[in-house]
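Take 1 as the starting number for the sequence shown in full-length UniProt numbering and just add one per residue.
Virtual Cβ for every residue (Gly too), placed ideally from N, Cα, C.
Each remark here refers to the structure printed beneath this line.
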Amino acid sequence: MGMELFPPSHGLGGTGDPWSSMAWHAMTQSWDKQGGRRSGREVMGGNQAAGTVGVGGWERRWVRGGTHPGGCTLGWDAARAVHGHQRGRREGECWAEAVGSGQGGRGVLVVPKAPRQGDAEAVPALCLCPRAGLGQGKRSWLLTSAAPLPALVLVVSICPSRAAAEVPWGLGVPASWDGSCWYRQYCKQQVSAGTVSPSRGLQRSVVWGTKAVGSVSMVGWSAAPAADLCACPVSPAAGGRPCDAKDFGHGSLVCACSATYCDTLDPVVLPALGTYVKYESSKAGKRLERSEGNFQRNAKTPEFHLTLDMAQRYQKVKGFGGSVTDSAAINIQSLSKDAQNHLLRSYFSEEGIEYNLVRVPMASTDFSIRLYTYADVEGDFELKHFNLTEEDTQMKIPTLQAAQAVAKRPLSLYASPWTSPVWMKTNGAMTGRGTLKGSPGDKYHQAWAKYFIRFLDEYAKHNLTFWAVTAGNEPTAGEIVFYPFQCLGFSPEHQRDFIARDLGPALANSSHRDVRLIILDDQRVMLPYWAQVVLKDPVAASYISGIGIHWYLDFLAPIDLTLSITHHLFPDYFLLSTEASTGSYFWEPRVVLGGWDRGSKYSHSILTNLNNYVTGWTDWNLALNLEGGPNWSKNYVDSPIIVDSSKDVFYKQPMFYHLGHFSKFIPEGSQRMGLAVSKKCRQCELEHSAFLRPDGAIVLVVLNRFPVDVSFGISDPQVGFIEAMAPGDSIQTFLWKQPA
1 MGMELFPPSH GLGGTGDPWS SMAWHAMTQS WDKQGGRRSG REVMGGNQAA GTVGVGGWER
61 RWVRGGTHPG GCTLGWDAAR AVHGHQRGRR EGECWAEAVG SGQGGRGVLV VPKAPRQGDA
121 EAVPALCLCP RAGLGQGKRS WLLTSAAPLP ALVLVVSICP SRAAAEVPWG LGVPASWDGS
181 CWYRQYCKQQ VSAGTVSPSR GLQRSVVWGT KAVGSVSMVG WSAAPAADLC ACPVSPAAGG
241 RPCDAKDFGH GSLVCACSAT YCDTLDPVVL PALGTYVKYE SSKAGKRLER SEGNFQRNAK
301 TPEFHLTLDM AQRYQKVKGF GGSVTDSAAI NIQSLSKDAQ NHLLRSYFSE EGIEYNLVRV
361 PMASTDFSIR LYTYADVEGD FELKHFNLTE EDTQMKIPTL QAAQAVAKRP LSLYASPWTS
421 PVWMKTNGAM TGRGTLKGSP GDKYHQAWAK YFIRFLDEYA KHNLTFWAVT AGNEPTAGEI
481 VFYPFQCLGF SPEHQRDFIA RDLGPALANS SHRDVRLIIL DDQRVMLPYW AQVVLKDPVA
541 ASYISGIGIH WYLDFLAPID LTLSITHHLF PDYFLLSTEA STGSYFWEPR VVLGGWDRGS
601 KYSHSILTNL NNYVTGWTDW NLALNLEGGP NWSKNYVDSP IIVDSSKDVF YKQPMFYHLG
661 HFSKFIPEGS QRMGLAVSKK CRQCELEHSA FLRPDGAIVL VVLNRFPVDV SFGISDPQVG
721 FIEAMAPGDS IQTFLWKQPA
C-alpha cells in the first residue's frame, strides 16, 4: 500500500474545518483569498495538474498535460460537494481516472470524513490506479505514492460499483461478500471491526491498540456512498501488498515487481486459541492469500480427514532457501537499487518468504560467465596467491550482506566447490572426467583442504561466516567423460579418505572448527551406499554432520529405499536437499513464466523429502534472466524469480510462492509431527505434512496437484476440528495455536 501524507506545515488548517486548506505534493502555491477561493498548481515530472478549491462550493477542476508519472488524475471533496473534470462532473462522490500504462478505467474512492482538529497529524493526498493486467472490469485497484511512507499510515476503504461473491482488492485481503460493507483492522493483538450498511451508513465498533505493528484488511461494500478514515501507527513496511498479476499464457500468473512496487506479505501473527489462519496459492491466481476460520467441536467428520498425533515426533527442520550463484548476483545487480531491495526483501524479510538457508558456490560454476578458481597459479601448494575474485567482492558478497541486512531470521550459509584448480587435477581441465592428483594425505589433497579454509577465512573478513561446507558438488559428475561444465570426481572411498586425512583435520584445527561438513551433495540414487562407505569409517564419520542430496534423478530412486533407509542406518546425521531446479532436462523449455506445474513439483519434492526425514530444502539460483542464465555452458534452467533488466522488473513465479508456503511458516527448529490419515482419498492424492513450531504453534501444509477440488477435515484433539476444502491445483498452509 502506498500513500502520500502531508504534515501540518504543508497546509492543515489551524482553526475550523481542517480540510479548508488543501495539501499538495511537489507544487507551487498561489493562494488567493479574495472571494473565498484558493488555487494551486501541481508539477510532477514536467506534467501539470491545476485546480481551484472554493471554500464554499468545494469545486476542483483539473487540467492536465501529458501523462502523470503516477498514472492517474484525482479529485475529491471532504464533505458532500461538487467535483469537476474536463470530461464531466459528479455530485457527492469522489472519483479517479487512471490513464497510466495504456490502462483505462475508473474507480470510486470513498471520501474520508473531515477529522476533528487534533485527531489527525496529516492530510492524505491519494492517487488511485488500476492494477496492471486486471483493468476496469475486475475492480481491483492500488493506492500509489510518490513519497516514502511515514510512521503514520492512513487506511481508506475502497468501494466497488457492484456486489460479487468474491472481489479482488488492491488494499487488503479478498473476502466473501455479505451484502454490506465490513472491515477489520489489525493493530498488534487489538482488532478494530465494523460494518457499513447501505441504508444506515457507517456503524462501527472499535478497539484500538497502542503499539500497532500489524497490517490492515479492508474489504468490500455494496452501493451507497459511505466512508470512514482509520488511522493506526504502524511500521512503513507493514500491510501486505497484493500481487501485480501478469499472464504470459502458460497456465497461471506471475507477480511483477519493479523499483516502485512489489507485492508483500504481513509478518506471521499467531491466531487466537480456537481459531486458525490459512494461506492459499492456486493455479487460478491466489498467491499466499490469507483467510481465517474457527475450530469446531461437534462437526461431522468427513470420510477423509487428517488427525494430528503429538506423540509421534520426527526430525527437526533446518530451513529453506536458495543459492547465490554468480548468475543470481548478476541478475539481481542488473536491477535498480530499489528493485534489488524489493527482490531481496521478497526472499529474506518478514514481508517476504523468509528464507534462512543460502548456498554459496566456492568460485565458478556453470552459472558463471567465465571459468575460474581462487588459486590458478600453477604449483601454489601453500596458496600464497589465493584470492577472491570480482565475482565475490563485487557481486556475491554484497548480495549476501544485503540479504542479511533485511532478514529478521539468522541466515545459515553453506559453501560448495565445483572444481579444484586445474593444476591439481588429473585431466588438467575444469570440465570432463578428472579427480585430484595423487592420493589422500599428499600435497595435492592437503592443498585442496587448505583451499576450503582460505575461502572461509576470506569471507570472514567481510563478516560472512558459514554454517557448513559440502565436500564437493556432485562428485559423480567428475567420473563422466566429456562432462560439460566444472566438476571434480570422487568415489565414496576417495571422499571418505580425503575427509579422514585432509579436510576433516583441516577444519578441526582451524578457526572454523564449528563449520559442519556435508558429504555426497549429489543425487539420492547414490544412497544408502555412499553413506555406508563414508560413515562406517569412524575417523571420517567423526568430522561429518550431514548428507546432501540433489533432486535431478529422483525418478530413478524411490524415496523410501534411499532417504528413509539412510536415516534409519545413520540417524545422527542430518539429510539436507542442497539443489533443485526445473527446466534442466533437454526436452523441457527452460523458462516458463507462470508455470504452475513447476511450483507443484517443488512442493511435491519438499513434502516427500520432509516426510522422509530431510531437514531442509535448497533451491538453485535465486534469480535468472529471461533465457534462464547467464550460463557459460548454455545449461539454462528456470528460477523462482526471473529478471527482465531491460524493463527494470522481475517476475515472481509460482515456484516462489510454493516455496513460501514452507519457508515462511516452518522456521528453523520446527519438528515434524505425526499425522494420521483416516482414509485414502480415492479420487485424489492430497500430500501433507505437519510441524510443531518453536513457539508452540502447529503448521500443516496440504498440496493438491490435481484439478479436482477435495473436501477433507483436520483434527487436532487438543483444539477441535476444521472442515476444509483443497481446490484443484492448490497449496494451503494452516497455522494455529494449541493450549499452553
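Closest in C-alpha terms to Leu659, from the list Leu624, Trp617 and Trp587, comes Trp617.
Counting along the chain, Lys443 sits inside the alpha helix (DSSP H) bounded by residues Lys443 to Ala460. A straight-line Cα-Cα distance of about 14 Å links His250 and Leu626.
Sixteen is the threshold: since fewer than 16 other Cβ atoms of the shown chains lie within 10 Å of the Cβ of Lys679, the residue is exposed.
A Cβ-Cβ contact shorter than 7 Å links Phe691 with Val699. In the DSSP assignment, Asp716 falls within the unbroken beta strand (DSSP E) covering Val710 to Asp716.
In this structure, the beta-carbon distance from Val469 to Leu400 does not fall below 7 Å. Taking the C-beta atoms as reference points, Asp366 is found no nearer than 7 Å to Asn612.
Excluding five sequence positions before and after Arg370, the CB atoms of its chain that fall closer than 8 Å to its own CB belong to Ser364 and Trp632, given in chain order.
Bridge partners of Val277 according to DSSP: Glu292 and Leu735. Here Val269 is exposed, its C-beta having fewer than 16 other C-beta atoms within 10 Å.
For Gln394, the number of other beta carbons within 10 angstroms of its own is below 16, and it is reported as exposed.
Partner residues in the beta bridge of Gln671, as assigned by DSSP, are Lys316 and Leu692.
Apart from the 5 residues on each side of it in sequence, Ala299 sits with its Cβ closer than 7 Å to the Cβ of Phe721 and Glu723 in its chain, given in chain order.
Of the residues assessed, Asn621 falls on the buried side of the cut-off, its CB having 16 or more other CB atoms within 10 angstroms. DSSP assignment within the stretch 534 to 575 yields the following whole beta strand (DSSP E) runs of 3 residues or more, N-terminal first: 546 to 550. Met725 and Val708 have their alpha carbons spaced roughly 11 Å apart. Distance check between Phe490 and each of Gln671, Pro440, Ser689 and Arg241 places Pro440 closest, using alpha-carbon atoms only.
The continuous alpha helix (DSSP H) containing Leu507 extends over residues Gly504 to Ala508. Under the criterion of beta carbons closer than 8 Å, Phe248 and Leu593 qualify as touching, at roughly 4 Å.
The way I'd put it, the stretch 335 to 351 doesn't touch the stretch 294 to 311; fewer than three beta-carbon pairs between them come closer than 8 Å. As summarised for the stretch 467 to 527, the continuous beta strand (DSSP E) elements at least 3 residues long and confined to that stretch are 468 to 470 and 516 to 523, given in chain order. Counting along the chain, the unbroken alpha helix (DSSP H) around Asn609 starts and ends at Trp596 to Leu610.
Judged by their CB atoms, Asp619 and Ala580 are nearer to each other than the 7 Å cut-off. Per DSSP, reduced to three states, the secondary structure at Arg287 is coil, with no helix or strand assignment.
Short of 6 Å from the beta carbon of Ser584, and not among the five residues preceding or following it, lie these beta carbons of its own chain, in chain order: Val637. Per DSSP, Ala299 lies in no beta strand (DSSP E) segment and is marked neither H nor E. Here Asp695 is exposed: its Cβ has fewer than 16 other Cβ atoms, across all protein chains shown, within 10 Å. Cβ contact annotation for Asp442 (same chain, cutoff 8 Å, sequence separation greater than five): none. When DSSP states are grouped into helix, strand and coil, Ile722 belongs to the strand group. Here Gly240 is not near Leu273, since their CB atoms are 7 Å or more apart. Where Asp326 is concerned, the enclosing alpha helix (DSSP H) starts and stops at Asp326 to Gln333. Within the stretch 335 to 399, the runs of beta strand (DSSP E) at least 3 residues long that lie entirely inside it are, in chain order, 357 to 362.
Here the C-alpha atom of Asp326 lies approximately 31 Å from the C-alpha atom of Gly438. Setting aside the 5 residues that flank it on each side, Pro727 is surrounded in the same chain by Ser282 and Asp709, each with a C-beta closer than 6 Å to its C-beta; the list follows chain order. Secondary structure at Gly660: helix, using DSSP grouped into helix, strand and coil.
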